[in-house]
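J.:
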Amino acid sequence: MAGAVRAVRRLGVRYLTIHAAGGRAMLAAAQAEAGEEIQLLSVTLLTSIDAEEAARIGFGDPADVVRRLSDMTIEAGVRGFITSGAEVQELHRSYPDAVSRGAGHQARGEDGTQDQQRVATPTEAVRRGASLLVVGRPITKSADPGATAAVFVQEILEGEER
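Numbering follows UniProt numbering, in which position 110 of the sequence shown is assigned residue number 110; successive positions increment by one, without gaps.
(1) Touch check for the stretch 86 to 100 and the stretch 120 to 131: three-plus C-beta pairs under 8 Å?
(2) Leaving aside the five residues before and after V5 along the sequence, list all residues of the same chain whose C-beta is less than 7 Å from its C-beta, in chain order.
(3) Drop a sphere of 10 angstroms on the beta-carbon of G85, count the other beta-carbons inside from all chains shown, and report buried for 16 or more, exposed for fewer.
(4) Alpha carbon to alpha carbon, how far is I82 from A20? Give it in angstroms, no decimals.
(5) May I have a chain-ordered list of the beta strand (DSSP E) segments no shorter than 3 residues that lie completely inside the stretch 33 to 109?
(6) Which residues in the same chain have their Cβ closer than 8 Å to the Cβ of V8, if we skip the five residues on either side of it in sequence?
(7) Can you check DSSP and say which residues form a bridge with T17?
(8) Between which residues of its own chain and A54 is the CB-CB distance below 6 Å, once the five residues before and five after are set aside?
(9) Provide the residue span of the alpha helix (DSSP H) that contains E155, from first to last.
Structure below.
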């Protein structure tokens, strides 16, 4: 992973996601290579994995998995996370100085047919402490991406109104 970070650093990348399941040594080596130039974001548990799937894999409770992987991430020196909107509040509370990006978002009223299982609205994620949101398919697969993006922006602004 350190070699991949080195290669990406030459491209001027600002953020890079890595998976926490790679372990403490991998996280620490990646962070050493990233230095101050790249903000590493540790993916804790994919948002497509719900409690049933986590148990089937042998992970146990998703919140516990996220907590253990987050602790390991911080111990390795990485100061950024990507996690579901459901877990972002606990991470923000435990690590207020870490950068928390919430993933698995859908706008209010969205039908939920995507593969994301542990989701939150943008408003909920911001209120729970997400620094930035990761949004992809709800916008890119929309019949009207501009209008969908505008809905997300509005919901983010609502989340900032505390």
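Don't be surprised by glycine CBs; every beta carbon is placed ideally from N, CA and C.
T.: A quick look at the data gives this:
(1) yes
(2) Residue mapping note: residue 5 aligns to position 5 of the sequence shown, counting from 1. Answer for V5: L16, A30, E33, A34 and I38, listed in chain order.
(3) Position 85 of the sequence shown, counting from 1, holds the residue named residue 85. Looking at its Cβ environment, which holds 16 or more other Cβ atoms inside 10 Å, G85 is buried.
(4) Mapped onto the sequence shown, residue 20 falls at position 20. Mapped onto the sequence shown, residue 82 falls at position 82. When rounded, the distance between both Cα atoms is 10 Å.
(5) 39 to 43, 80 to 84 and 99 to 103
(6) Here residue 8 refers to the residue found at position 8 when the sequence shown is read from its first residue. L16 and I38.
(7) To locate residue 17, count along the sequence shown from 1; it is residue 17. Looking at the DSSP assignment, T17 forms a beta bridge with L41.
(8) Here residue 54 refers to the residue found at position 54 when the sequence shown is read from its first residue. For A54, where only same-chain residues beyond five positions count, the Cβ hits under 6 Å are P62.
(9) Here the question's residue 155 lines up with position 155 in the sequence shown. Start and end: P145 to E160.
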